[in-house]
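Q: Numbering (my numbering), first residue to last: 1009 to 1277.
Ideal placement from N, C-alpha and C gives every residue a C-beta, glycine not left out.
Treat the numbers as computed from the prediction; the structure is a model and nothing was measured.
#1: Pick helix, strand or coil for residue 1130, following the three-state DSSP scheme.
#2: Please report the straight-line C-alpha distance between residue 1199 and residue 1183, rounded to a whole angstrom.
#3: Could you give the first and the last residue of the continuous beta strand (DSSP E) run that contains residue 1225?
#4: Between which two residues does the beta strand (DSSP E) holding residue 1081 run?
#5: Which complete beta strand (DSSP E) runs does the region 1176-1246 hold, if anything under 3 residues is left out?
#6: Grouping DSSP H, G and I as helix and E and B as strand, with all else coil, what is residue 1264?
#7: Taking the beta strand (DSSP E) that residue 1142 belongs to, which residues open and close that run?
#8: Leaving out five residues before and five after residue 1277 in sequence, what residues of the same chain have Cβ atoms less than 8 angstroms from its Cβ?
#9: Would you check if the region 1244-1251 and the region 1188-1203 touch, i.e. whether three or more CB-CB distances between them fall below 8 angstroms?
#10: Residue 1055: which of 1091, 1114, 1243 and 1174 sits nearest, CA to CA?
#11: Kindly indicate the opening and closing residues of the beta strand (DSSP E) around residue 1049.
#12: Following the continuous beta strand (DSSP E) through residue 1092, name the residue where it begins and the one where it ends.
#13: At what residues does the beta strand (DSSP E) containing residue 1160 begin and finish?
#14: Short of 6 angstroms in beta carbon distance, which residues of its chain neighbour residue 1047, apart from the five on each side in sequence? Order them along the chain.
#15: What does the alpha-carbon distance come out to for the pair residue 1266 and residue 1191?
#16: DSSP on residue 1035, reduced to helix/strand/coil?
#17: Taking C-beta to C-beta, are residue 1212 and residue 1226 nearer than 8 angstroms?
#18: For residue 1055, which three-state DSSP category applies?
#19: How long is the line joining the alpha carbons of residue 1064 and residue 1058, rounded to whole angstroms?
#20: From residue 1253 to residue 1126, what does the alpha carbon distance come to, in whole angstroms?
#21: Expressed to the nearest angstrom, what Euclidean distance is found between the alpha-carbon atoms of residue 1234 and residue 1086?
#22: Please classify residue 1277: does DSSP put it in a helix, a strand, or coil?
#23: What number of angstroms, rounded off, separates the C-alpha of residue 1039 from the C-alpha of residue 1076?
#24: Round the Cβ separation of residue 1144 and residue 1121 to the nearest angstrom and send it over; I've been treating them as touching at under 8 angstroms.
#25: By a C-beta neighbour count over all protein chains shown, 10 Å radius and 16 as the cutoff for buried, is residue 1222 buried or exposed?
#26: Quick one: is residue 1033 buried, meaning 16 or more other Cβ sit within 10 Å of its Cβ, or exposed?
#27: Helix, strand or coil: which one does DSSP assign to residue 1107?
#28: Among the residues of its own chain, which have a CB less than 8 angstroms from the CB of residue 1159, if the five just before and after it don't count?
Written out as structure tokens, the structure reads:
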């Protein structure tokens, strides 16, 4: 009795090794796109605007908003507009905390400290302030000083100004009424801030001319995720009397290059 013939496969070797595209849940995708859009907005958005912006039907947009509101990621204001809540920010912040930024940045901080013998800071944004999460203190007998866990107004110091320049579209609305004065050099108007943002983007680093503490200046550069969002900044702080010894451009170049290298590490992390 003849043996049954084996079913022939028509797949070639190359076809057999081509990986299948992963299945994507369309509802989840739409919900995340909606949340991403609201997180980037400087104000609330209505159902019509969101549906038009994302190419969704109004009914689909409304259902997604209701789900995100129930889960606490979105809020529905008295003006009938929807906006992202701080729960979204807290989730992102936990991810950032798990990246262990001090470890990723430590070698770059040490390089700048060795090159300048000045105080080096690693800072992250917290509302309209920055929090210092790591530092290398200067060995000079007279030096600028802060502490790990200390804070400063974002618009007054080099690290904060670098973060503002990278994230300006998202921060502009909040900063408009939060430009408090600390010295006679503090930026207190939106027009002056926007000029500073433009200069920071052009140079690749921010400069603090003594806007938080008189006689203390410095430079800062953003540390960014692959999408360009700044999650931290690295900076060097010096007494104004010592600035001429280094030169503003040298200090700016050091933090700019360090920020770029740390950002590259983040992209590979």
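A: By the coordinates alone:
#1: Taking the first residue of the chain shown as position 1, residue 1130 is located at position 122. Strand.
#2: Start at 1 with the first residue of the chain shown, and residue 1199 comes out as number 191. Start at 1 with the first residue of the chain shown, and residue 1183 comes out as number 175. When rounded, the distance between both Cα atoms is 12 angstroms.
#3: Within the chain shown, numbered from 1, the residue matching residue 1225 stands at position 217. First-last of the beta strand (DSSP E) with residue 1225: 1224-1232.
#4: Walking along the chain shown from the start, residue 1081 turns up at place 73. No beta strand (DSSP E) contains residue 1081, which DSSP labels as neither H nor E.
#5: 1214-1216 and 1224-1232
#6: For the purposes of this step, residue 1264 is identified with residue 256 of the chain shown, where counting begins at 1. Three-state DSSP puts residue 1264 in a helix.
#7: Here residue 1142 corresponds to residue number 134 of the chain shown, with the count starting at 1. Looking at the DSSP string, the run of the beta strand (DSSP E) that includes residue 1142 is 1137-1144.
#8: Taking the chain shown and counting its residues from 1, one reaches residue 1277 at position 269. Hits under 8 angstroms: 1107 and 1112.
#9: In short, these stretches do not touch, since the Cβ pair count stays below three.
#10: Within the chain shown, the letter at position 47 stands for residue 1055. For the residues 1091, 1114, 1243 and 1174, the minimum Cα distance to residue 1055 belongs to 1091.
#11: The residue labelled residue 1049 in the question sits at position 41 within the chain shown. Segment: none, residue 1049 is in no beta strand (DSSP E) and carries neither H nor E.
#12: Here residue 1092 refers to the residue found at position 84 when the chain shown is read from its first residue. Membership of residue 1092 in the beta strand (DSSP E) is indicated by the continuous run 1090-1092.
#13: For the purposes of this step, residue 1160 is identified with residue 152 of the chain shown, where counting begins at 1. Segment 1159-1161, the beta strand (DSSP E) holding residue 1160.
#14: Numbered from its first residue, the chain shown carries residue 1047 at position 39. Taken in chain order, the residues that qualify are 1092 and 1096.
#15: Against the chain shown, residue 1266 aligns to sequence position 258. Against the chain shown, residue 1191 aligns to sequence position 183. Rounded to whole angstroms, residue 1266 to residue 1191 spans 29 angstroms at the Cα level.
#16: Start at 1 with the first residue of the chain shown, and residue 1035 comes out as number 27. The answer is helix: DSSP assigns residue 1035 an H, G or I state.
#17: Here the question's residue 1212 lines up with position 204 in the chain shown. Here the question's residue 1226 lines up with position 218 in the chain shown. Their beta carbons are not under 8 angstroms apart, which means residue 1212 does not touch residue 1226 by this criterion.
#18: For the purposes of this step, residue 1055 is identified with residue 47 of the chain shown, where counting begins at 1. Three-state DSSP puts residue 1055 in a helix.
#19: Sequence index remark: in the chain shown, residue 1064 carries index 56 (1-based). Sequence index remark: in the chain shown, residue 1058 carries index 50 (1-based). For residue 1064 and residue 1058, the distance between alpha carbons rounds to 8 angstroms.
#20: By one-based count along the chain shown, residue 1253 stands at place 245. By one-based count along the chain shown, residue 1126 stands at place 118. Going from the Cα of residue 1253 to the Cα of residue 1126 covers about 11 angstroms.
#21: The count along the chain shown starts at 1 and reaches residue 1234 at position 226. The count along the chain shown starts at 1 and reaches residue 1086 at position 78. For residue 1234 and residue 1086, the distance between alpha carbons rounds to 36 angstroms.
#22: Start at 1 with the first residue of the chain shown, and residue 1277 comes out as number 269. Residue 1277 falls in the coil class under three-state DSSP.
#23: Counted from its first residue, the chain shown places residue 1039 at position 31. Counted from its first residue, the chain shown places residue 1076 at position 68. Those two C-alpha atoms are separated by around 8 angstroms.
#24: Within the chain shown, the letter at position 136 stands for residue 1144. Within the chain shown, the letter at position 113 stands for residue 1121. About 4 angstroms separates the two Cβ atoms, so the contact holds.
#25: Sequence index remark: in the chain shown, residue 1222 carries index 214 (1-based). Per the 10 Å Cβ criterion, exposed.
#26: Position 25 of the chain shown, counted from the start, is the residue given in the question as residue 1033. Classification for residue 1033: exposed.
#27: For the purposes of this step, residue 1107 is identified with residue 99 of the chain shown, where counting begins at 1. In the structure shown, residue 1107 adopts coil according to DSSP, grouped into three states.
#28: For the purposes of this step, residue 1159 is taken as residue 151 along the chain shown, with counting starting at 1. Correct list, in chain order: 1134, 1137, 1138, 1139 and 1140.
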